[in-house]
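Take the sequence shown: its position 335, counting from 1, is numbered 336 in this note's numbering, and each next residue is one higher. Working notes, beginning with the structure itself.
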Amino acid sequence: MAVDKPPQSPPSSGASRPAATPKQAPSGASQPAAAQKPAVKLGAPAPATGATRPGIPLRGQNPQRPQQVPSSRVTLSKGRTKVGVSFKSQDKIEEERKEVEQKLVQVPIEERVFEIPGMKEVAESPLFTDFHEKIAPKIKLAETSWTILEAFSNIDVTAEKVSQAIKGNPYYEYLFQKVIEGMAKREEMPSIEGSIVLLGMQNFRNLIIALQASRSVMGTHAEWDKDGKLKIAPNDVLKYAVKTEEILINSKSEYSDTAYAAGLLFDVLGMIAGVVCQDKKRAAAFLDTVYAHGLRSAQIALEMAKLLPDFGFKKYVFSACLIHDIGKICLAILNPDYITFYEDAKKKEWPRPVRQFAELEKFGVDHSVIGNQVCYLFKIFRPLEKVVLFHHSPHLLKSRNANLFQIACIVDLATNIANNFKKIEKLDDPILSTWKGLELRDFRIEFKILADAVARVQI
Ligand SMILES: [Fe+2]
Ligand SMILES: [Fe+2]
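See below:
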């Protein structure tokens, strides 16, 4: 696949970096202030004035009034060559910084991302198109499943609320009643609400979701044995969903239902792999690897979030970590070379930026972009769209939304820890700063919290 090379020089427009290039001072002739300054020979010590160290007041100066020193210009001359060095007052710098931040907030983050060299090709990538043709229609969460997952994610879930999902949907109403009929011979059929209670709320949820997922992914309908019992066992269809929910119930988390939905995404992609992939075994093994990495990160993030009292996105932190690399599974389903690429990059221990660059070059699309699309389609995770999109670059969300920035940072941090896991003995352990990479420089978290969170993780 031909992919355009990224330009050698940064884009000139730069909605993404409107003021990254500082304003160049015009020549000394047009600067009256500069003309008044004495020329200084190269190599000579700089004059000891406040102008040479903007923003740092000298002893005796009022630190409240650094702006009294205007923008200055010192001209260094050597023979006929003149070198201009300009300094700006601290206030001017601050004013420009605010201006840049303001502009950044005004430009939607998506546009800024597509300004990054190479990202424009994403929209035209054949894999991106393939994703929308082959995976998107199957992953799109159907209304019935959506209503059920929504009802379960609220604390006050009742049989009455859950029943709304199939009332008025004759297809599922009929299937459900048939399952209840198969359970026991009754003189009179109970109401839908009564049947849900009889089957158990979670069993009802699993039944309808398994039926709907099988129908939308594989186009199959429920089959019954000679005793009138359903041939498929919903828990066998929903292995990842059920397993994930159990993990959260065991760790006494109140958000096990959201985690169930995250696990469901793996089940759905597993089914899609079964339909689309030639080497189904290899695809299934890769899916399991991505799940294991997500789960490990999620368990670390869960402990971290418990130690951050002001964290505002607790409901989603586990799920966000679990699904952050879901785009990798989609890419592997569409192109098995992705698995080879992934294994190779791991063996060669490529640093993450190199891996990301190579991924974009080779496949024309980044797994976080595909993951973002998955969250949009599987609409219970729409609140996580941006978190998944920026899970390797959370700093891009800093000026957009404080909560999103925080959760994206935690996802990034937790995955860094998961990839390089170690229990910490002392707070000066150098591994702590490798976990908190450059992309997390604006995220404030004490190393003690990281060490304590890691100590609590049972992996
Ligand atoms: Fe990733
Ligand atoms: Fe990851």
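Beta carbons: idealized from backbone N, C-alpha and C, even for Gly. Quick caveat: nothing in here was measured; it's all calculated off a predicted structure.
- The continuous alpha helix (DSSP H) containing Arg297 extends over residues Lys281 to Lys307.
- The DSSP assignment places complete alpha helix (DSSP H) segments of no fewer than 4 residues inside the region 142 to 228 at 144 to 153, 160 to 164, 171 to 184, 193 to 200 and 202 to 219, in order along the chain.
- DSSP places Arg353 inside the alpha helix (DSSP H), whose first and last residues are Arg353 to Phe364.
- Taken from the Cβ of Ser369, at least one heavy atom of ligand 1 lies inside 7 angstroms.
- Counting along the chain, the unbroken alpha helix (DSSP H) around Ser369 starts and ends at His368 to Leu378.
- Checking the 7 angstroms criterion, the Cβ of Asp289 is out of range of every heavy atom belonging to ligand 2.
- Where Gly313 is concerned, there is no enclosing alpha helix (DSSP H), because DSSP gives it neither an H nor an E.
- Restricting attention to Arg356, Gly313 and Ala333, the CA atom closest to the CA of Leu128 is found in Ala333.
- With distances taken between CA atoms, Asp443 lies nearest to Ala409 out of Lys449, Ala409 and Lys427.
- Closest by C-alpha distance to Gly313, out of Phe364, Gln300, Trp436 and Phe406, is Phe406.
- About 18 angstroms separates the beta carbons of Phe132 and Gln357, which is beyond the 8 angstroms limit, so they are not a contact pair.
- Between Val243 and the set Ala223, Ser254 and Asn204, the nearest pair of CA atoms involves Asn204.
- If you compare the alpha carbons of Glu116, Arg283, Gln178 and Leu441 with that of Glu344, the shortest gap goes to Arg283.
- Relative to Lys139, the option among Ala214, Ser298 and Ser90 whose CA is nearest is Ala214.
- When rounded, the separation of the alpha-carbon atoms in Leu142 and Leu270 is 12 angstroms.
- Contact check between the region 447 to 456 and the region 316 to 330: fewer than three CB pairs, one atom from each, fall below 8 angstroms, which does not count as touching.
- In terms of side-chain proximity, the C-beta atom of Thr416 is found nearer than 7 angstroms to a non-hydrogen atom of ligand 2.
- Residue environment analysis places Thr159 among the exposed positions, since fewer than 16 neighbouring C-beta atoms fall within 10 angstroms of its C-beta.
- Closest by C-alpha distance to Pro352, out of Ser154, Arg206 and Trp436, is Trp436.
- The region 396 to 424 is shown to contain whole alpha helix (DSSP H) runs of 4 or more residues at 403 to 420, in chain order.
- Rounded to the nearest whole angstrom, the C-alpha separation of Phe287 and Ile340 is 7 angstroms.
- If the five residues before and after Ala359 are omitted, its C-beta is found closer than 8 angstroms to the C-beta atoms of Phe342, Ala346 and Trp351, all from its own chain and listed in chain order.
- The DSSP-derived three-state label of Leu231 is strand.
- A direct Cα-to-Cα measurement between Asp367 and Leu361 gives close to 5 angstroms.
- Between Gly295 and Leu323, the CB-CB gap stays under 8 angstroms.
- Boundaries of the alpha helix (DSSP H) harbouring Cys331: Ile327 to Leu335, taken from the DSSP string.
- Three or more Cβ pairs drawn from the region 408 to 428 and the region 304 to 319 lie within less than 8 angstroms of each other, which places the two stretches in contact.
- Exposure of Asp280 is indicated by the presence of fewer than 16 other C-beta atoms within 10 angstroms of its C-beta.
- Closest in alpha carbon position to Asp228, among Ser192, Ile181 and Ser217, is Ile181.
- A Cβ-Cβ separation of about 5 angstroms places Val291 in contact with Asp326 under the 8 angstroms criterion.
- The C-beta distance from Val238 to Ile197 rounds to 19 angstroms, too long to fall under 8 angstroms, and the pair is not in contact.
- Distance from the Cα of Ala302 is smallest, within the candidate group Ser394, Leu433 and Thr416, for Thr416.
- Shown here, Cys322 sits in a helix according to DSSP, grouped into three states.
- Here Phe177 really is in contact with Ile167; their C-beta atoms are around 6 angstroms apart, less than 8 angstroms.
- In this structure, the CA atom of Glu125 is about 19 angstroms from the CA atom of Asp338.
- The beta carbons of Ala321 and Val412 sit about 5 angstroms from each other, so the pair counts as a contact at 8 angstroms.
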